[in-house]
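Engineer: If you scroll down you'll find the structure; I have some questions about it.
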Amino acid sequence: MPHSSIDWSRRDALQVVLASGVSFLLPAIEGRAVEKRGSERPTSLITLWMGGGASQMDTWDPHPESKNSEKIQAIKTTAPGLQIAHLLPQMAEQMQHLSVIRSLTSKEGDHERGSYFVQTAYRPDPTVRHPSLSSILNHELPDPRIEIPNCVALCDGPEFAAPRGGYLGDQYDAFRVFDPGQSLRNMRQGVDSSRQARRMSNLDIVSKAFRQGREARVDKSLHDQNINRAISMMKSEQLKAFELENEARETLNRYGDTQFGRGCLIARRLVETGVRSIQVTLNGFDTHANNYEGHVTQTRILDPAFASLVKDLVDRDLLASTIILCIGEFGRTPRINPLGGRDHWPHGFSCVIGGGGLAASRVIGSTTADQQTDDKPIPPTSPIEIPNLYATILSRMGVEFGKELITPIGRPLKVCTGTPIEQLLG
Amino acid sequence: MRWKPILPAILVVAGVAVLTSMAATSPVRDLTPPGRHGPAESDVLVVAAEVDQRLLSSLKTTSLSPAERADDLTILRRLTLALMGTIPSLEEIRRFESDDRPDRLAIWTNAILDDPRFHNYFAERLARAFVGVEGGQFIIFRRDRFTNWLSEQLRDSVPYDRMVRSMLAEDGVWTDRAAVNYVTAGVANEEFDANKLAGRTVRAFLGQRIDCAQCHNHPFAHWKQSEFEGLAACFGQLDYTMVGVVDRPGKKFEVEDRETLEKRQVTPQVPFHPEWCGTRGSPRDRLAEWVTHPENRRFERASVNRIWGLIFGQPFLTERSVDDLPDPDDPTFQEQTAVLDLLGADFRTHRYQLKRLIRVITSTEAFRRSSGHAVHEPAQLSELESQWAIFPLCRLRPEQVIGAMLQSNSVKTIDQNSHLFTRAIRFFRENDYVKQYGDPGEAELDQRTATITQTLLNMNGEFAREMSEVGPFSTPGTIRQFSPSRAVLLDNVYLTCLTRRPTEAERAHFAPQLGSPPKQPDQQVLEDIFWTLYNSPEFTWNH
């Protein structure tokens, strides 16, 4: 390994830097890849899912001059020329590492359908269930060194917003952790190893009796495979990535004492362990009433968690190998409804994307802060389709995005129908 | 209407009321000793035989033979899981085994259909199709009242078409006229979502998906956007006041044109056979008549397909979702859907009696076949599966897993006579467990494998640990204390968890662990055997 000495010195240097407050708590993990830093490291994806659909005007695309803006002001960020809503002051400090797309478009204005589309870059189709981007990565970029699930969804949220394997199979569904930092109970073996061994030998006998005449069907159920995966996971040192017990109080506070904050911290730890794709969900953006107050509440959770995540990845030299995407199923109407809320708006909404060697500090597309007199949308400039966004991520992560996969009924489907966004790859 | 100032108070009162009523109505009374229940009526058996004949004739084109008959205990397990969401208790198994009447399965099925556990469990399963699993709009949607109402309809054998008409057309308050919760489930942001109601009505009662016709003409079927809008308009006059759900005859239903984005007024319309609507009542009354009209074959097919799915764990057309049936006149599917039509006609002529339909389906050989077969070749296996010549292997629903675990932890039947504490535990534990397990929601009949999350929950979860604990009142404890020999002890453990006795290989494996008298069997050994059985594929997969 020609680079190993360099990697070690980097690691050592990092440890010195971090010794004052936070140290490297993860145990040494087998495989050099995990020790690597910078762009040599295999790339991971963290998706921050804004469940319910965050309002672009109250987050990444403020229009303080507009009558529809409510009390939102725009603040400068560390990215030249980029202003975001004043509700995200900590993120303003981190924006030089990231880019903003303000012109995402979708045709799906329902939560479930919209989530399906943004998760998979395909519109819902009753004849096939498409896999989510995270599940495609897990399928296309397997890593035998990872003993814990390679596609993880953190925090509560509806099932339709969690990554699913679709036609790739349920084994590519995200591993769901509903309450990050609290859910290790089920991942730990409840008995000593001699009893565990006895249980497994018992299970072998009982399964054999049942398999008689049902071999192919039991195999298809993945029951035994799941037990084996669970066992190797329970034994794995990598499980520590899900633990927060040894994190400094200061670190926990920095991310925020919220489920989402803990989720983002665990997402960082999973990236450090080498897990391929992680989604952290923050629900509650569906502000049909009292939109402003709703977004004040939500951004108080989002801002510290997201900013700490970016800062930590930068400090640990992990941002070059981690793509962060902050996105939801759609945005919200520019106009305020009679209840002081904003309704669903797939006609021009925002996402934040960066890391993993993608261009930083770019602002793509723009929207107006209004609708036409009859409430019709005014199309954004430089509209970006979700498939193009995903083609960008897949191409950066080395997945041949245009290739065809064969669904169980023999129908070939492209991994992704889009083409990469040049401004982000540049 | 302004709820907000009194919201906290209502919340507390409603919460207490809901919890008390749920704890009080959860599992129920003992399976009545089947003495007063008779065997299946002969005409039920005739229809069941026709179904089997039909299925076998399709299989005859291949050289395959159907799977053998499963043993009666396996079939009893299927029945209790499908109809009551739990497995037979040891005391029920003992009674069943001592019942030597040749048609004991039919007699026991009839007893189950009279058991409140069936009414409650099946009501919950049906409610998923009718109102989903979401909490819905606060106050005006009362899911608990709705499922109680469904449960009463099942208890009183109310014809299914009448139930559906009540759901579609009833007026009144959500607590008193609980059927109206079908439409109040469609309230979002304090307004009725007529599109949602139209889509759900067609999916739940006619077994077809027209939701995408909301935005464009259906790409595969005949549904047009205008037809969807006409159906949605049937719900367009809905409103709610302090006296509950009403229709406001003057209210206009407008849709936004997706192309021009202009508002258009739409009048209530059905896509075909408007003469089925009748002439009287509100648009919802006429829609209800149309949906349940005896000539509307979609209605009976959809009902049969769903009930078949709830009984087998898979809808009759295994390759399609339960609410995605082909059009009845589509010539390419006539062969495949013949059984649906056969059962549908019987359902219709017997006044849409769900219990009769269940009796017919559970009397078929298809329901009583083994889930094992000598054939292993995937293509042959899938041929057998598609003709129902082998019983499907389906993952149990989370409620069924937890119901089975709880029942296996008690020698006696857990029912309405059980201690309130036991029932409260069941209620709270069930919710907690289902959340961790993942609720498949309305898509519960879609076939999915287990996930690592679920595997870990059963392997290491608190609940599985507690259920296998040897306590003075738990099954592990009772069985340890009262089994006269080690062989009987192992029999009892197996019967309690898997509704069968151990094989010779299993006996040979466990005998050394259990030791021999006078020493008591080791507590941890016993707990580990329970753990093993809970984590076996046989426990969590319906077979």
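In order, the protein sequence lines correspond to chains A and B.
Just so you know, we're using the numbering used here here: the first sequence kicks off at 1 and counts up by one.
Just so you know, we're using the numbering used here here: the second sequence kicks off at 1001 and counts up by one.
C-beta atoms are modelled at their ideal positions from N, C-alpha and C, and glycine is treated no differently.
1) Quick one: which residues of the region 279-306 of chain A get their C-beta closer than 9 Å to a C-beta of chain B? List them in chain order.
2) At a CB distance below 7 Å, what residues from the region 1464-1481 of chain B approach chain A? Give them in sequence order.
3) Give the residues of chain A in contact with B:A1374, contact being defined as C-beta atoms less than 7 Å apart.
4) Flag B:D1257 as yes if its beta-carbon sits less than 8 Å from any beta-carbon of chain A, otherwise no.
5) Pick helix, strand or coil for B:W1174, following the three-state DSSP scheme.
6) For the region 1310-1323 of chain B against the region 1391-1403 of chain B, do three or more pairs of beta-carbon atoms, one drawn from each stretch, fall closer than 8 Å, so that the two count as touching?
7) Counting along the chain, where does the beta strand (DSSP E) carrying A:T322 start and finish?
8) Determine the direct distance from the alpha carbon of A:A162 to that of B:R1448, and round the result to whole angstroms.
9) Name the chain B residues whose beta carbon is nearer than 7 Å to that of A:N58?
10) Beta carbons nearer than 7 Å to chain B: which residues of the region 328-342 of chain A have them?
11) Could you work out which residues of chain B lie near A:D170, taking near to mean beta carbons separated by less than 9 Å?
12) Which first and last residues belong to the beta strand (DSSP E) in which A:G340 is found?
13) Helix, strand or coil for B:F1192? Go by DSSP, reduced to three states.
14) Verify the CB distance criterion: does A:P149 have a CB-CB separation below 8 Å to chain B?
15) How long is the line joining the alpha carbons of A:R176 and A:R41, rounded to whole angstroms?
16) What does B:S1536 reach in chain A if we use C-beta pairs closer than 7 Å?
17) Suppose contacts are defined by Cβ-Cβ distances below 8 Å. Is A:I101 in contact with A:I386 by that definition?
18) Just to make sure I have the definition right: I need the residues of chain A whose C-beta is within less than 7 Å of the C-beta of B:I1529. Which are they?
19) For B:A1508 and B:Q1481, I'd like the C-alpha separation in whole angstroms.
20) According to DSSP, B:V1245 sits in a beta bridge with which residue or residues?
21) Can you list the residues of chain A that B:E1506 reaches, using a CB-CB cut of under 7 Å?
22) Would you say the region 1112-1121 of chain B touches the region 1152-1160 of chain B, given that touching needs at least three Cβ pairs under 8 Å?
23) Which residue wins for smallest C-alpha separation from A:R249, given the options A:P383, A:L239 and A:G261?
24) Taking Cβ positions, are B:R1301 and B:P1328 nearer each other than 8 Å?
25) Chain A beta carbons: is any one of them nearer than 8 Å to that of B:M1459?
26) Just to confirm, is the Cβ distance from B:P1159 to B:Q1353 under 8 Å?
27) Return the CA-CA distance between A:I301 and A:C326, expressed in angstroms with no decimal places.
28) Work out the CA separation of B:V1525 and B:Q1513 for me, nearest whole Å.
29) Could you tell me whether the region 304-311 of chain A touches the region 67-84 of chain A, using the rule of 3 or more Cβ pairs below 8 Å?
30) Nearest chain A C-beta to B:Q1523 closer than 8 Å, yes or no?
31) Any idea what DSSP makes of A:S395, helix, strand or coil?
32) Assign A:I406 to buried or exposed, taking buried as 16 or more other Cβ atoms, counted over all protein chains shown, within 10 Å of its Cβ.
33) Name, going along the chain, the residues of the region 214-228 of chain A whose beta-carbon falls closer than 7 Å to a beta-carbon of chain B.
34) Under 8 Å, do A:D58 and A:A85 count as touching if we go by C-beta distance?
35) Thinking C-beta only, is A:E404 closer than 8 Å to A:K414?
36) Quick one: give me the first and last residue of the alpha helix (DSSP H) that B:T1455 is part of.
Structural biologist: Let me spell this out:
1) H288 and A289
2) R1465
3) For this step, residue 1374 of chain B is matched to residue 374 along the second sequence. Ordered by position in chain A, the residues that pass the 7 Å Cβ test against B:A1374 are G213.
4) What you label residue 1257 of chain B is simply residue 257 of the second sequence in a count that begins at 1. Answer no: the Cβ-Cβ gap between B:D1257 and chain A never drops below 8 Å.
5) The count along the second sequence starts at 1 and reaches residue 1174 of chain B at position 174. Note: B:W1174 maps to coil in three-state DSSP.
6) yes
7) To locate residue 322 of chain A, count along the first sequence from 1; it is residue 322. Taken as a continuous stretch (DSSP letters only), the beta strand (DSSP E) holding A:T322 covers T322 to I327.
8) Taking the second sequence and counting its residues from 1, one reaches residue 1448 of chain B at position 448. Taking the first sequence and counting its residues from 1, one reaches residue 162 of chain A at position 162. Their Cα atoms are separated by approximately 15 Å.
9) Indexing the first sequence from 1 puts residue 58 of chain A at position 58. Residue identity differs from the one stated: residue 58 of chain A is Asp in this sequence, not Asn. Per Cβ cutoff of 7 Å: no residues; A:D58 is ~19 Å from chain B at best.
10) none
11) As a working note, residue 170 of chain A is residue 170 in the first sequence. Those within 9 Å of A:D170 in chain B are R1448, T1449, A1450 and T1451.
12) Here residue 340 of chain A refers to the residue found at position 340 of the first sequence. Neither: A:G340 is in no beta strand (DSSP E) and is coded neither H nor E.
13) Indexing the second sequence from 1 puts residue 1192 of chain B at position 192. The answer is strand: DSSP assigns B:F1192 an E or B state.
14) As a working mapping, residue 149 of chain A is identified with position 149 in the first sequence. True, the Cβ-Cβ gap to chain B drops below 8 Å.
15) In the first sequence, residue 176 of chain A corresponds to position 176, counting from 1. In the first sequence, residue 41 of chain A corresponds to position 41, counting from 1. Whole-angstrom Cα-Cα distance: 25 Å.
16) Taking the second sequence and counting its residues from 1, the one referred to as residue 1536 of chain B is at position 536. What B:S1536 touches in chain A: L203, V206, S207 and F210.
17) For the purposes of this step, residue 101 of chain A is identified with residue 101 of the first sequence, where counting begins at 1. For the purposes of this step, residue 386 of chain A is identified with residue 386 of the first sequence, where counting begins at 1. Taking 8 Å as the Cβ cut-off, A:I101 and A:I386 do not qualify as a contacting pair.
18) Position 529 of the second sequence, counting from 1, holds the residue named residue 1529 of chain B. Here the neighbours are N202.
19) The residue labelled residue 1508 of chain B in the question sits at position 508 within the second sequence. The residue labelled residue 1481 of chain B in the question sits at position 481 within the second sequence. Roughly 22 Å between the two C-alpha positions.
20) Counted from its first residue, the second sequence places residue 1245 of chain B at position 245. B:G1172 and B:Y1240.
21) Translated into the one-based positions of the second sequence, residue 1506 of chain B becomes position 506. Near B:E1506 (Cβ distances below 7 Å), the residues of chain A are I205, V206 and A209.
22) yes
23) One-based indexing of the first sequence puts residue 249 of chain A at position 249. Nearest C-alpha to A:R249: A:G261.
24) Working through the second sequence from its first residue, we reach residue 1301 of chain B at position 301. Working through the second sequence from its first residue, we reach residue 1328 of chain B at position 328. Yes.
25) As a working note, residue 1459 of chain B is residue 459 in the second sequence. Taking Cβ atoms only, chain A reaches closer than 8 Å to B:M1459, which makes this a yes.
26) As a working mapping, residue 1159 of chain B is identified with position 159 in the second sequence. As a working mapping, residue 1353 of chain B is identified with position 353 in the second sequence. Yes.
27) In the first sequence, residue 301 of chain A corresponds to position 301, counting from 1. In the first sequence, residue 326 of chain A corresponds to position 326, counting from 1. Cα to Cα, A:I301 sits roughly 14 Å from A:C326.
28) Reading the second sequence from its first residue, position 513 is the one you call residue 1513 of chain B. Reading the second sequence from its first residue, position 525 is the one you call residue 1525 of chain B. Using only the alpha carbons, I get a separation of about 7 Å.
29) no
30) The count along the second sequence starts at 1 and reaches residue 1523 of chain B at position 523. No, because no Cβ of chain A sits closer than 8 Å to the Cβ of B:Q1523.
31) As a working mapping, residue 395 of chain A is identified with position 395 in the first sequence. Helix, per DSSP.
32) Your numbering for residue 406 of chain A matches position 406 in the first sequence. Answer is exposed; the Cβ neighbour count stays below 16.
33) R214, E215, A216, R217, V218, S221, L222, H223, N226 and I227
34) Your numbering for residue 58 of chain A matches position 58 in the first sequence. Your numbering for residue 85 of chain A matches position 85 in the first sequence. Judged by their CB atoms, A:D58 and A:A85 are nearer to each other than the 8 Å cut-off.
35) Here the question's residue 414 of chain A lines up with position 414 in the first sequence. Here the question's residue 404 of chain A lines up with position 404 in the first sequence. Contact: yes.
36) In the second sequence, residue 1455 of chain B corresponds to position 455, counting from 1. Residues I1452 to N1460.
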